[in-house]
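Comments concern the structure below.
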Amino acid sequence: MLYAILCYDSEAVTTAMSAEEDGALMDRLLAVQEKLAKRGKLGPVARLMPTNTASTLRKGPQTLVLDGPFAETKEQLLGFYVVDCETQEEAVGVASELAKAGTHGTGTYEIRPLMMFKPNAALT
Amino acid sequence: MKDAAWIDAALTAARPQAVGALLRYFRNLDTAEEAFQEACLRALKNWPEKGLPRDPAAWLIFVGRNAALDDARRRSKQQALPSDDLISDLEDAETAIAEGMDSGQYRDDVLRLLFICCHPELPANQQIALALRIVSGLSVKEIARAFLITETAMEQRITRAKKRIAEANVPYEAPDARERTQRLTTVAAMIYLLFNEGYSASGGTVHVRVPLCEEAIRLARLLLALFPAEREIMGLTALVLLQHARTPARLDANNAIVLLQDQDRSLWNKDMIAEGIELVKKALAARQPGPYQVQAAIAAVHADAARAEDTDWAEIDQLYAVLQGLQPSPVVSLNRAVAVAKLHGPDAALAMIEPLGEQLTTYFHFYGVKGALLKQLGRVDDAREAFDRALALANTAAEADHIKMQIEQLPKRGKASAA
């Protein structure tokens, strides 16, 4: 079964990190990713740009395009992983490995089974 | 990150909202700061055990407000409020205040806090110092180090600034739309000033002060998160990101200035550039260009060129023409001349900057550019004269060294004239 691991955290906190802290964090996460990739469990991985760069399109009789993220929340969606796991527990285990590599006190991972997955073209 | 580090990061991130709200309650900067300080102390005790509250800013506002009220009551020997540990445990109370603080309230609180720091009666250096102290929460010591003055002098500067503000009577009512726009403009100017102070230090031996730049970026992002539809704030954020992205390449191993055309572009921060370009494209799409957006667009054209020789100088020239229309200034014309030199040669550029001489008699970069153009034209003596003037006006050691290097590169005078 494929699962998405959605990463949420307070953008105000993550953008307050220094370049060194951010680099070190990314290196630690990369190490976890490499382990997963070797076991053939890792699908697409994405890190999103800050929500300042977002546009929001509201559907309705007239579509409306707004600046900024779709909702004002305490934590923002920062990125996601797609992983191949036997059970949801295993996927939660992967998320907790990522959480440990992150080692900072805030943030949330949401683990959701995928209903449909179409990798389409391999983008680089 | 260790416990202390993430709590620190969370406190820093929540600070503008929390101090802003506490200021609205108490209408006194010192009381608001003390209340926030007290709330932070309690957070340091409380959070490591209980974890981060869902809304750290709301928690800090609630606890800080109670601590200050409690303190006031104790002083007037009235009955104290229940212990703060008790109150802060109550999830309901925290939720209530979080719901009471809608995002519009936060927006105006943070804007007011920033706006107070750039009161028109304060000179620029006091504005920046105050913002760093109150909004960013840097210690007086850190700020003093950034400005290369003593801690005592900085303490005095901040105290003077606070006194002026207390006398200035800033209104606490929610601003109307026009007032809000004015405040935003003033605050944006202060953030840009802060960035420039870090980007090109106005004195001393250090040429680039990264923490000031990073703080300016953080404040710009904060402002944009609160006002996501403001094109100029989007432009400002893009501008500071794009400029700061080049920092690793701006000085060499000996701290000497490396000109844009000679920089190792592989050292530029690609993530910041990508974010900056994304923001500037988004801003300009609304077709309400302003000075920050156009300056960001110019920075984006530079950032977009893989090699210096790939730079689209015609585009840069056009953007400077737009900027001249929006914000006529001799400095903008001087910058445009650099693009003109690339497009039409040093003669055309020199003709363009000659008339600026009167207005820019004390501007380091005017003589730097003039000298470089004269050098290209082989007018060695005139170039030397311009560089000498630049040297006398240099603000930092790195600027002075750069000009000395330019002078050394000039062809030596013939023996006859040297004798």
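Residue numbers (my numbering), protein chains in the order written: chain S, 1 to 124; chain F, 1 to 419.
Think of the CB as a built atom: it goes at the ideal place given N, C-alpha and C, for glycine as much as any other residue.
- Under the three-state reduction of DSSP output, residue 40 of chain S falls in the coil class, being neither helix nor strand.
- With contact defined as three or more Cβ pairs closer than 8 Å, the region 236–248 of chain F and the region 181–197 of chain F are in contact.
- For a Cβ distance threshold of 7 Å, residue set 9, 10 and 13 of chain F lies close to residue 13 of chain S, ordered along the chain.
- Shown here, residue 36 of chain F sits in a helix according to DSSP, grouped into three states.
- Contact between residue 115 of chain F and residue 183 of chain F is confirmed by a C-beta separation of about 4 Å, below the 8 Å threshold.
- Residues of the region 233–249 of chain F with a Cβ closer than 7 Å to any Cβ of chain S, in chain order: 237.
- Neighbours of residue 35 of chain S in chain F, taken as residues at a C-beta separation under 7 Å, are lacking, since the least C-beta distance is about 22 Å.
- Here DSSP, grouped into helix, strand and coil, assigns residue 51 of chain S to helix.
- Per DSSP, residue 191 of chain F is not a residue of any beta strand (DSSP E); the alpha helix (DSSP H) it occupies stretches across 177–199.
- For residue 63 of chain S, the CB contacts under 7 Å within the same chain, skipping 5 residues up- and downstream, are 57 in chain order.
- When the beta-carbon positions are compared, residue 218 of chain F and residue 146 of chain F stay at least 9 Å from each other.
- For residue 152 of chain F, no beta strand (DSSP E) encloses it; the enclosing alpha helix (DSSP H) starts and ends at 151–168.
- Apart from the 5 residues on each side of it in sequence, residue 347 of chain F sits with its Cβ closer than 8 Å to the Cβ of 377 in its chain, given in chain order.
- By the beta-carbon neighbour count (other beta carbons within 10 angstroms, threshold 16), residue 320 of chain F is buried.
- Rounded to whole angstroms, the separation of the alpha carbons of residue 325 of chain F and residue 305 of chain F is 26 Å.
- At the C-beta level, residue 53 of chain F and residue 11 of chain F stay beyond 9 Å of one another.
- Take residue 166 of chain F, set aside five residues on each side of it, and the residues of its chain with a beta-carbon closer than 8 Å to its own are 28 and 29, in chain order.
- Looking only at F:117, F:264, F:354 and F:196, the smallest Cα-Cα distance to residue 20 of chain F is reached by F:117.
- Here the C-alpha atom of residue 297 of chain F lies approximately 20 Å from the C-alpha atom of residue 200 of chain F.
- Here the alpha carbon of residue 215 of chain F sits roughly 23 Å from the alpha carbon of residue 282 of chain F.
- With the rule of 3 Cβ pairs closer than 8 Å, the region 331–342 of chain F counts as touching the region 360–371 of chain F.
- Under a 10 Å Cβ-count criterion, residue 364 of chain F is classified as buried, with 16 or more other Cβ atoms of the shown protein chains found around its own Cβ.
- Taking a Cβ-Cβ threshold of 7 Å, the residues of chain F close to residue 10 of chain S are 13, in chain order.
- Straight-line spacing of the CA atoms in residue 288 of chain F and residue 11 of chain S works out to 28 Å.
- Close partners of residue 46 of chain S in chain F (Cβ separation under 7 Å) are lacking, with about 14 Å as the shortest Cβ gap.
- Contacts with chain S at 9 Å (Cβ-Cβ) include residue 269 of chain F.
- Residue environment for residue 88 of chain S: exposed (fewer than 16 other C-beta atoms within 10 angstroms of its C-beta).
- Your pair residue 232 of chain F and residue 128 of chain F does not check out as a contact, with CB atoms roughly 20 Å apart and the cut at 8 Å.
- Excluding sequence positions up to five before and after residue 132 of chain F, its CB lies within less than 6 Å of the CB of 138 and 143, all in the same chain and listed in chain order.
- By the neighbour-count definition (other C-beta atoms within 10 Å, threshold 16), residue 69 of chain S is a buried residue.
- The residue among F:173, F:260, F:323 and F:47 with its C-alpha nearest the C-alpha of residue 308 of chain F is F:260.
- Under the criterion of beta carbons closer than 8 Å, residue 380 of chain F and residue 411 of chain F qualify as touching, at roughly 6 Å.
- Rounded to the nearest whole angstrom, the CA to CA distance from residue 7 of chain F to residue 80 of chain S is 25 Å.
- The beta carbon of residue 49 of chain F is closer than 6 Å to none in its chain, skipping five residues each way along the sequence.
- Residues of chain F with a Cβ closer than 8 Å to the Cβ of residue 67 of chain S are, in chain order, 228, 229, 234 and 282.
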